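Take the sequence shown: its position 480, counted from the start at 1, is 480 in UniProt numbering, and no numbers get skipped. What follows is one structure encoded as structure tokens, with my remarks underneath.
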Amino acid sequence: MSNKIDGWVAGLKTIESWGVENIYGIPAGSLNSLIDALEKEKEHINFIQVRHEEAGALAASMHAKFTGKIGVCVGSAGPGATHLYNGLYDAKFDNVPVLAILGQRPLSEANMDMFQEMNQNPLFADVAIYNRKVAYAEQLPKVLDEAIRTAVAYRGVAVVEVPVNFGWEKIDADKWPSSASSYRKLPKMLPDVSDIDKAVALLEKAKRPVIYAGKGTRGCGELVEALGRKIKAPVAITGINFDNFNYDYEGLLGSAFRVAWKPANEALAEADTVLFVGSNFPFSEEKGTFSNVKHFIQIDNNQKNLGKRHHPDVTILGDAEIALSKINEKIAEAPLTEWYQANLDNIKNWKEYMHQLEKNTEGDLRLYQVYDAINRYADEDALYSVDVGDVTQTSIRHLHMTPKNTWRTSELFATMGNGLPGAIAAKLEFKNRQVWSLSGDGGFAMNMQDIVTAVRYNLPSIHVVFSNQQFGFIRDSQLDTNDAIFGVDLTDVDFAKISEAQGAVGYTLRTIEEIDNVFSKAIEDLNASRVVLIDAKIMDERPIPVENLILDKELYSETEINDFKALYNGENLVTLKELLNA
Ligand SMILES: Cc1ncc(C[n+]2csc(CCOP(=O)(O)OP(=O)(O)O)c2C)c(N)n1
Ligand SMILES: [Mg+2]
């Protein structure tokens, strides 16, 4: 007679075979057989007990973003399952693989409106690309294998509901399938040579070219920089792509629209030709990002994206790196142009503006000096898990990222509360790298209960809360659209105490003078394996709205311009138009 093992032990062996090391969740009756199996398999896979299933699902999604590997979370029948939503939608929107396991009442109790028995699969129909209920015990590992393979291949969310009794049923020990060793990455797609030639011809004719590099250019940032220098095209990027480029790259325009740099918005408004590579920039059409652009060339390895965000004159279906290197090989070096020089000067002017804010040592504590401290104290290969709010915008402006860093956030779904769960996931994987979470006071409060999770699993990390006592990002948008500001102020919370109460070290930073003391102690604590929180009580102010600049002399009066400059300390800001006309 062959050996028998529990259904869920077999299921875990299948999951383990795909290289999964951590499963995030909270136990419940409908998960008892899974938790039983996790105890039996604890030498091979970790159960990371979180304090809110949303934190677990966000950690799973952020794990996939930091590592490129599938993240796994569990939610118990009913309320535990529905708590997973934000993390799963985050994964769906950002195209990363996540497996969500849902508990369920035993099959014998199905369909009778039993306690917590919810008809779950329909609720996950929209978020999931694979969404099934296991039909019998022996099928449990098979369905999991199918789910993981699908999630990994299509980079999305797989949902598997498991009636709890299946997990205890005995199945043959060798009856757990795994297709993990058969998995192969898609080969890089070769672009059509004639499309490359058409792109080269358009770019050689361009008077004002811009390269727009999305996250499809990850890993080939240097090639983008080199092509930009060769054809005298400054480089705009998608916000999430900052760690693909060197902050010091002189042609870096930054990102466009609101979570953005000024030079990118100005350059895209004046450009005649855009080479749009590996991006799904959602604001393109609605915000008129490319409305003045005459020629648009798009490179993407997904047919679904070609022509989605702006109508291209030339489309190149293929791998970004291959397409860019072929263009780079074929294209003639352009001489220095006024266009390129004006953009270089504009970028320099913007960086000087940002540095002036960061290095200012007078007055109240502002977010800028906190970033300056992070830049000074962080390791050069630090990982940053960044929450959603002004903190997303200010991180892309003031963190001096390079390809050695990694930063991840909730990109397209943009859910608040992802910062801390992301840091937990990052530290579990990258034990030897420094991990930071950066959040606003609104976003941090959404999952602050999970500081104790970082403490419990000994995940030394630094968590910076930018406390402006506002839902700042929304307050700023109300300033532009509403008659009054309403519902956005926050009652002050002592986040240091909240962290200390969970076993972490907590600091409250209130003045510029205290910065070095607090940050050097925080690094000492970190090096002593502590979890550290810095609650930075910063001035409540709007960072400069680069999507609504009041700087153009043709559009605004001198008084309006001066008021705008005074409000944002931008006395020395110039415009690209001025530089082009100089
Ligand atoms: C879960 C969720 N709820 C609401 C929003 C809308 N929203 C976007 S940013 C933001 C405010 C963020 O406030 P805070 O974390 O304090 O950061 P700040 O902008 O003040 O730096 C809100 C409410 C969201 N993105 N996600
Ligand atoms: Mg805030």
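From the three backbone atoms N, C-alpha and C, an ideal C-beta is built for every residue, glycine too. A quick note: this is a predicted structure, and the numbers were derived from the prediction, not measured.
For T289, the closest alpha carbon among the candidates N527, P263, Q449 and D525 is that of P263. Under a 10 Å Cβ-count criterion, I240 is classified as buried, with 16 or more other Cβ atoms of the shown protein chains found around its own Cβ. Taken atom to atom, the span from the alpha-carbon of A566 to that of G221 is near 36 Å. Contact annotation: T415 and N111 have beta-carbon atoms that are not nearer than 7 Å. DSSP, read as helix, strand or coil, puts E161 in strand. Cβ atoms of G75 and L102 come within 8 Å of each other, at about 6 Å.
Sequence-distant partners of R530 (beyond 5 residues in either direction) whose C-beta falls short of 8 Å from its own C-beta, in its chain, are P460, A504 and V505. Assignment of beta-bridge partners to I299 by DSSP yields V277 and I316. If the five residues before and after P106 are omitted, its C-beta is found closer than 7 Å to the C-beta atoms of P163, V164 and N165, all from its own chain and listed in chain order.
Going by DSSP, S181 is part of no alpha helix (DSSP H) at all; its letter is neither H nor E. In the structure shown, A128 adopts extended strand secondary structure according to DSSP, grouped into three states. Nearest to I331 by alpha-carbon distance, out of F115, F495 and R229, is R229. Contact annotation: F257 and Y212 have beta-carbon atoms that are not nearer than 7 Å.
Our two residues, Q116 and Q49, have alpha carbons roughly 21 Å apart in a direct line.
Contact between the region 547–567 and the region 302–314 is not established, with fewer than three Cβ pairs separated by less than 8 Å. The shortest CA-to-CA distance from Y183 to any of I196, D174, I148 and E169 is the one to I148. Contact between the region 312–325 and the region 336–350 is absent: fewer than 3 CB-CB pairs across the two stretches fall below 8 Å.
Put simply, the backbone Cα of E21 is about 6 Å away from that of N46.
One Cα belongs to E513, the other to G363, and the distance between them is close to 10 Å. Membership of L490 in any beta strand (DSSP E) is not indicated, and neither H nor E is assigned to it by DSSP. With respect to the C-alpha of E541, the residue from S557, T491 and F471 having the closest C-alpha is F471.
For the pair of segments examined, the region 271–286 was found not to touch the region 181–198: the number of CB pairs separated by less than 8 Å stays below three.
The region 372–388 makes contact with the region 434–441; the number of CB pairs closer than 8 Å reaches 3 or more. The three-state secondary structure of F471, taken from DSSP, is coil.
Taking 4 residues as the shortest admissible run, the region 176–246 contains the following complete alpha helix (DSSP H) segments, listed from N- to C-terminal end: 193–205 and 221–231. Per DSSP, reduced to three states, the secondary structure at Q49 is strand.
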